[in-house]
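*Asks:* If you scroll down you'll find the structure; I have some questions about it.
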Amino acid sequence: MKFKEKLLLGTLIKRYKRFFVDIEYQNKTITAHCPNSGSMMGLLNKGNCVWFSESNNPKRKLKYTLEIIDVNEKLIGVNTHSTNKIILEA
C-alpha cells in the first residue's frame, strides 16, 4: 500500500489502555495511537520493529499512528482504517 507520507521506523516498547503504544524513535520515547482495539496477541512483543505515521493535524490528541508491526520478518498491518484502501489499491 502507498502511504501519503513516508512511514517512520521505531521499536515497540509497550501497548497500554488499548489505544496507546510507546515507541522508541531516535533515542526518544513517543506515544502513538493504536487504531486496532483487538488483543493483537503475538504482535506486541517488546523490541518489535514498528512503522508509524505522523499527522500535522493540531486537533489530534496524539501526533503519531501505529501502522505496521514486523513479526518474524513478516509485516502485519494493524491500522484497521486502512483495510478498504488496501483492497482498492490491490
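All residue numbers for the sequence shown refer to this note's numbering, where the first residue is 8 and numbers rise by one.
All residues carry an ideal CB built from backbone N, CA and C; glycine is no exception.
1) How far does the beta strand (DSSP E) with E96 in it reach, from first residue to last?
2) Let me make sure I understand the geometry here. Which of L69, I83 and E80 has the alpha-carbon closest to that of I37?
3) DSSP puts F59 in a beta bridge; with which residues?
4) Could you tell me which residues DSSP pairs with F26 in its beta bridges?
*Replies:* The answer reads as follows:
1) That residue, E96, is in no beta strand (DSSP E); its alpha helix (DSSP H) goes T90 to E96.
2) L69
3) L15 and L73
4) F26 is not bridged to any residue.
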